[in-house]
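The structure appears right after this line, and notes come after that.
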Amino acid sequence: MKSAEVAVIGGGPAGLAAALAAYEAGAKEILILERDAKLGGILQQCIHNGFGLHYFKQELTGPEYAARFEERLLGASIEVLTETMVLELSKDLTVTAVSAKEGYLQIQAKAVVLAMGCRERSRGALLIPGTRPAGVYTAGLAQRLVNMEGLLPGKEVVILGSGDIGLIMARRMSWEGAKVKMVCELMPYSSGLSRNIVQCLQDNEIPLHFNTTVVEIHGKERLEGVTIARVDEKTKKPIVGSEKFVPCDTLLLSVGLIPENELSLQAGIEIDPVTGGARVSQERQTSLPGVFACGNVLHVHDLVDNVSEEAEIAGAAAARFAKGQGKQGREIPVRAAGGVRYVVPQRVFAREGEELTFYFRVGAAYRPAKLSVLSGGKQLLSRQKAIMTPGEMESVRVKLSKPVDEIILIVENT
Amino acid sequence: MFDVLVIGAGVVGCAVARELSRYALRVAVAEAGPDVACGASKANSAIVHAGYDCEPGTNMARLNVRGNAMFGALCEELAVPLKRTGSLVLAFSDEEMESVRRLYESGLKNGVPGLKILDAEACHAMQEGLNPEVKGALYAPTGGITSPYELTIALFENARQNGTEFFFESPVLAARAIEGGYELDLGQKMLQARYVVNAAGLYADQISALFGDKCFKIHARKGEYILFDRAVSGFAKTVLFQAPGPLGKGVLVAPTVHGNAYIGPTAVEQADKSDTSVRREAIDELSKAASRSVPTLPLRGAITLFAGLRAMPEPHDFIVGLSPKNPRLVQAAGICSPGLTSAPAIAEEVAKALSLAGLDLEEKTGFDPIRREEKAFREMNGDERAAAIAFDPAYGRIICRCETVPEAEILRAIRATPGVPTLDGVKRRARAGMGRCQGGFCSSRVLELIARERNIPMEELTKSGGRSKLLVGRTREDDE
Ligand SMILES: Cc1cc2nc3c(=O)[nH]c(=O)nc-3n(C[C@H](O)[C@H](O)[C@H](O)COP(=O)(O)OP(=O)(O)OC[C@H]3O[C@@H](n4cnc5c(N)ncnc54)[C@H](O)[C@@H]3O)c2cc1C
Ligand SMILES: Cc1cc2nc3c(=O)[nH]c(=O)nc-3n(C[C@H](O)[C@H](O)[C@H](O)COP(=O)(O)OP(=O)(O)OC[C@H]3O[C@@H](n4cnc5c(N)ncnc54)[C@H](O)[C@@H]3O)c2cc1C
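Chains E and G supply the protein sequences, listed in that same order. For the first sequence, my numbering gives the first residue as 4, with consecutive numbering after it. For the second sequence, my numbering gives the first residue as 30, with consecutive numbering after it.
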């Protein structure tokens with residue numbers, strides 16, 4: 004059995020930043036376990052610009068952003084095992100992994116950072132009826148095929164879901180000479196970043212249809228078309244009579260990401276049903292002491308910059324925990340209310356004078372939006388913003404003057 | 030000239046081929062599709078039925094009960110999963126309790142062992158989350174579940190290992206009587222055989238007609254399903270039927286041998302024998318019907334929809350045996366449910382019919398009934414995994430993360446797939462792509478492995494043969 008002070012599962016941007024922060028916080032034996040042949044996670048296939056505007060104040064591509072962190076690894080004594088897949092995490096922090104080179108590995112860790120990212124929701128989860136032909140892909144898989152393998156999945160494309168990956172792939176497929184007929188979005192708004200709607204769709208004259216979904220898939224062998232329909236804004240049910248057949252050979256699905264928490268569930272870690280990630284404290288510690296989580300495995304982020312920041316918190320805290328310096332305090336729950344769909348962290352250790360950042364998302368568009376942070380019947384903070392949409396993660400810094408009661412975040416229309 | 034040509038490589042055709050491979054015969058199987066298990070045998074309920082619901086005295090009743098009794102030994106020999114979960118037929122009213130009692134009676138007539146009528150309490154003890162209105166149930170301990178496509182693949186591999194020849198993408202198009210047998214047109218080639226076994230599923234009536242027997246018709250009845258992620262599948266620990274009642278036959282709630290649960294099937298009559306699409310209405314129909322058995326179904330944990338077509342014979346019974354119109358044609362036709370369960374018994378009776386028709390069944394030496402399968406990586410313990418990787422490092426490269434399938438197993442599946450392996454063919458052999466992400470992560474990696482292993486450009490690979498190409502070409506940068 005190997006041992007490690009901090010074992011980091013996943014070598015995407017979250018894992019990299021967490022490992023580096025653990026190193027800077029004084030941890031000695033740090034190990035990154037990554038199932039892919041290369042570090043960088045999903046960034047490897049994101050060859051477009053738009054990473055690092057906040058963190059590096061510079062526009063980088065995905066691989067460039069990852070490279071900045073990988074360079075820093077060289078100076079730090081951090082062991083990296085690639086092509087190594089973690090299969091199990093036990094309650095006593097034993098990590099079990101396999102790799103062709105190292106064989107069957109067991110690592111006893113003092114602290115573990117979960118940084119496994121997320122996976123895409125597939126057609127099945129949406130229960131789209133019809134046939135099961137070739138030509139239906141998740142947008143991320145199509146991105147991998149195009150950007151990493153140089154392969155084109157199709158020529159006449161419909162995209163379901165206006166999340167960022169869908170938008171980016173709409174542009175990529177048009178650039179590759181495919182005809183992107185439309186992007187359909189079930190909601191009355193896009194969950195993607197506004198800059199992507201402009202740069203990816205408008206600049207390429209690709210129509211975006213809100214309150215619209217795909218209700219049937221046609222074609223026995225290869226996809227031949229989809230039936231789209233408008234949906235009722237409230238019930239989300241297709242409106243009878245609004246169906247339209249759209250011929251296409253490819254359907255790309257960009258309908259949401261699901262944090263990859265199979266390992267966390269195995270270890271009995273408590274999951275927030277809204278985020279799909281672990282419930283964590285301000286140090287990103289999960290319900291299993293010594294296990295921390297950050298990045299897309301904790302909650303889905305739009306911007307990698309936020310991932311890096313969050314991972315640094317988790318990595319440094321993991322290093323402190325490994326050295327027996329885990330901070331404590333009275334635990335207070337954090338609750339989402341009104342328009343707020345979720346808040347991370349979900350609980351905090353109240354410590355006099357500590358300034359905390361809460362990340363949250365709203366469940367619908369608010370324009371203008373009024374955010375209030377309450378505790379013990381008192382308002383800690385109130386703020387106005389021109390618009391808040393589900394597509395963009397919001398954050399707020401709050402100073403806790405003294406140990407308080409349950410903290411509540413509320414967003415309302417004004 | 031072959032002694033026997035079997036038409037169709039579903040579970041029935043493959044079971045017949047494997048049975049005939051015990052004897053000193055030259056046997057061929059002609060299959061229209063690119064692989065075995067392309068028809069009903071890949072998409073069905075996977076239940077090894079006990080046999081209480083078939084009309085006593087029918088072929089179905091006899092072959093079901095006999096097939097069920099043969100299943101254990103067969104799955105053992107062929108290393109195919111079988112779980113005797115037992116099955117319940119739930120009743121929700123006094124009327125339905127009556128029909129449960131009638132099933133019990135017909136079960137006794139059919140010779141089904143171990144049947145019992147359970148009270149509500151005993152039902153709830155067997156399965157948490159049942160509808161509190163359950164009045165009681167018929168319990169059949171011999172009911173079970175298997176993996177229909179794995180069984181078909183195993184029968185195929187064992188038959189081939191014992192000398193049977195298989196021809197894929199070889200639809201039987203025409204037949205001409207010749208001296209001592211028939212000449213068959215398989216499109217790309219001609220083939221001669223002394224006897225023909227018709228196991229062509231939905232198309233068995235057309236095949237039969239080629240040989241002058243028009244005694245029956247087959248029509249398609251679709252069955253649609255919703256499959257659930259393992260993580261939410263605890264609601265189906267045993268097979269839950271519903272008592273036949275005024276609301277029809279009801280739908281099943283059942284586990285699979287791989288730990289998933291499903292609800293289904295529907296029953297939709299249709300003229301088109303190739304339409305396996307899932308209708309829009311199916312989702313509501315299924316969840317409504319299934320929630321009678323289990324009121325809180327985790328629909329958000331669904332991972333896929335699928336449908337299969339039952340080959341419904343008219344008149345309604347399995348047609349097994351020598352054709353009354355043609356002494357060289359043996360039928361294994363109209364094999365709707367419980368055809369999977371009955372397949373081993375059908376194969377036995379087909380062999381008998383061939384012998385009656387004049388074919389010599391001489392047991393050959395060297396017939397090996399055992400199919401040797403490596404234990405699946407996902408079922409290994411730590412020591413076994415360590416040993417497997419030490420033996421072959423390709424066990425250390427996990428390709429399908431949801432089902433924990435290593436490269437070693439994908440390569441084995443590629444090598445075992447006839448012709449040009451399809452994505453679906455590899456999936457059915459290695460389980461890669463069957464999990465919660467439905468291939469989102471592994472399919473491009475599996476394609477790469479097929480391309481590398483068979484030295485075929487990725488753009489030429491298909492999902493399921495024919496025109497089901499997965500890619501249309503290379504990107505622009507690559508052209509330059
Ligand atoms: C298609 C796409 C486009 C995007 N575009 C932008 C953009 O333009 N700008 C921007 O700022 N952000 C963008 N993002 C968001 C940003 O890239 C992600 O938020 C960020 O990559 C998340 O980092 P992560 O480390 O949490 O997850 P990932 O990058 O997914 O990394 C997770 C890593 O964990 C590994 N792993 C998982 N399970 C295991 C296991 N069991 N054992 C070993 N290793 C494991 C994976 O292989 C992977 O390398 C985009 C995201 C996607 C998906
Ligand atoms: C929805 C549903 C649920 C079911 N549930 C159960 C169950 O729970 N338990 C149970 O015991 N049974 C069940 N069954 C029944 C069982 O699946 C079938 O009885 C069984 O699979 C039939 O096998 P087969 O080989 O006859 O047909 P198929 O698997 O359909 O095979 C026929 C083959 O013949 C080939 N073929 C057709 N025409 C030609 C030609 N001209 N030349 C060459 N090849 C040809 C086809 O390509 C096909 O591969 C169910 C069936 C369905 C559809």
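Ideal Cβ placement from N, Cα and C applies to all residues, glycine included.
Collapsed DSSP secondary structure at residue i in the structure displayed
{"i": "F240 (chain G)", "result": "coil"}
{"i": "C152 (chain G)", "result": "helix"}
{"i": "T215 (chain E)", "result": "strand"}
{"i": "N416 (chain E)", "result": "strand"}
{"i": "M396 (chain E)", "result": "coil"}
{"i": "P241 (chain E)", "result": "strand"}
{"i": "D308 (chain E)", "result": "helix"}
{"i": "M4 (chain E)", "result": "coil"}
{"i": "T64 (chain E)", "result": "strand"}
{"i": "S128 (chain G)", "result": "helix"}
{"i": "L34 (chain G)", "result": "strand"}
{"i": "V258 (chain E)", "result": "coil"}
{"i": "M185 (chain E)", "result": "strand"}
{"i": "K462 (chain E)", "result": "The first residue shown for chain E is 4 and the last is 417, placing residue 462 (chain E) beyond what the model contains."}
{"i": "D235 (chain E)", "result": "coil"}
{"i": "N160 (chain G)", "result": "coil"}
{"i": "K251 (chain G)", "result": "strand"}
{"i": "K381 (chain G)", "result": "helix"}
{"i": "M463 (chain G)", "result": "coil"}
{"i": "A322 (chain E)", "result": "helix"}
{"i": "T370 (chain G)", "result": "helix"}
{"i": "T175 (chain G)", "result": "strand"}
{"i": "G230 (chain G)", "result": "helix"}
{"i": "I12 (chain E)", "result": "strand"}
{"i": "Y548 (chain G)", "result": "Missing from the structure shown is residue 548 (chain G); chain G here goes from 30 to 509 and no further."}
{"i": "R51 (chain G)", "result": "coil"}
{"i": "F54 (chain E)", "result": "strand"}
{"i": "G209 (chain G)", "result": "coil"}
inquiry  = Pairs of beta-carbons, one from the stretch 342-358 of chain G and one from the stretch 234-251 of chain G, closer than 8 angstroms: are there three or more?
reply    = yes
query = Going along the stretch 146-168 of chain E in order, which residues come within less than 9 angstroms of chain G, judged by CB to CB distance?
reply = R147, L148, V149, N150, M151, E152, G153, L154, L155, P156, G157, K158
query = Per the contact definition of three or more C-beta pairs closer than 8 angstroms, is the stretch 289-301 of chain E in contact with the stretch 310-324 of chain E?
reply = yes
ask   = Using Cβ-Cβ distances below 8 angstroms, what residues of the stretch 383-396 of chain E are close to chain G?
value = none
key: Unbroken stretches of the alpha helix (DSSP H), 4 residues or longer, contained in the stretch 88-165 of chain E   = 126-129, 142-152
key: the stretch 218-250 of chain E: positions lying closer than 7 angstroms to chain G by Cβ   = V218, E219, K223, E224, R225
query = Using 8 angstroms as the Cβ pair cut-off and three pairs as the minimum, do the stretch 364-374 of chain G and the stretch 38-48 of chain G touch?
reply = yes
Ranges of the beta strand (DSSP E) found wholly within the stretch 262-320 of chain G, counting only runs of at least 3 = 268-271, 281-284, 290-293, 297-299
ask   = Going along the chain, which residues of the stretch 416-429 of chain G sit with their C-beta nearer than 8 angstroms to a C-beta in chain E?
value = I418, A419, P422, A423, Y424, G425, R426, I427
message = Short of 8 angstroms Cβ to Cβ, which residues in the stretch 66-98 of chain E face chain G?
response = E86, M88, L90
key: Contact residues within the stretch 453-466 of chain G, judged by C-beta distance below 7 angstroms to chain E   = C466
query = Using Cβ-Cβ distances below 9 angstroms, what residues of the stretch 21-42 of chain E are close to chain G?
reply = R38
In chain order, each beta strand (DSSP E) run of at least 3 residues that lies wholly inside the stretch 420-453 of chain G = 427-429
request  = Go through the stretch 95-144 of chain G residue by residue and report every complete run of the beta strand (DSSP E) that reaches 3 residues or more, in order.
outcome  = 116-120
message = With three or more beta-carbon pairs closer than 8 angstroms as the criterion, would you say the stretch 482-499 of chain G touches the stretch 447-455 of chain G?
response = yes
inquiry  = Whether or not the stretch 187-194 of chain G and the stretch 465-475 of chain G are in contact is what I'm after, with contact meaning three or more pairs of Cβ atoms, one per stretch, closer than 8 angstroms; do they touch?
reply    = no
ask   = Are the stretch 150-167 of chain G and the stretch 95-107 of chain G in contact at 8 angstroms, needing three or more beta carbon pairs?
value = no
task = Just list the beta strand (DSSP E) runs in the stretch 312-368 of chain G, keeping only unbroken ones of 3 residues or longer that don't cross its boundaries, in chain order.
result = 331-343, 348-351, 358-362
request  = Name, going along the chain, the residues of the stretch 268-295 of chain E whose beta-carbon falls closer than 9 angstroms to a beta-carbon of chain G.
outcome  = L268
query = If you pair each beta-carbon of the stretch 321-328 of chain E with each one of the stretch 377-390 of chain E, do three or more pairs fall below 8 angstroms?
reply = no
key: Against chain E: residues of the stretch 299-320 of chain G by CB proximity under 9 angstroms   = S303, D304, T305, S306, V307, R308, R309, E310, A311, I312
task = Tell me the start and end of each unbroken beta strand (DSSP E) in the stretch 332-381 of chain E that is at least 3 residues and wholly inside, in chain order.
result = 333-341, 343-347, 350-353, 358-365, 372-378
query = Can at least three beta-carbon pairs, one atom from the stretch 486-493 of chain G and one from the stretch 157-169 of chain E, be found at a separation below 8 angstroms?
reply = no
request  = Taking only beta carbons into account, state which residues of the stretch 59-83 of chain G come closer than 9 angstroms to chain C, listed in chain order.
outcome  = Among the protein chains in the structure shown, which are E and G, there is no chain C.
Interface positions of the stretch 176-188 of chain E facing chain G (Cβ-Cβ less than 9 angstroms), listed along the chain = W178, E179, G180, A181
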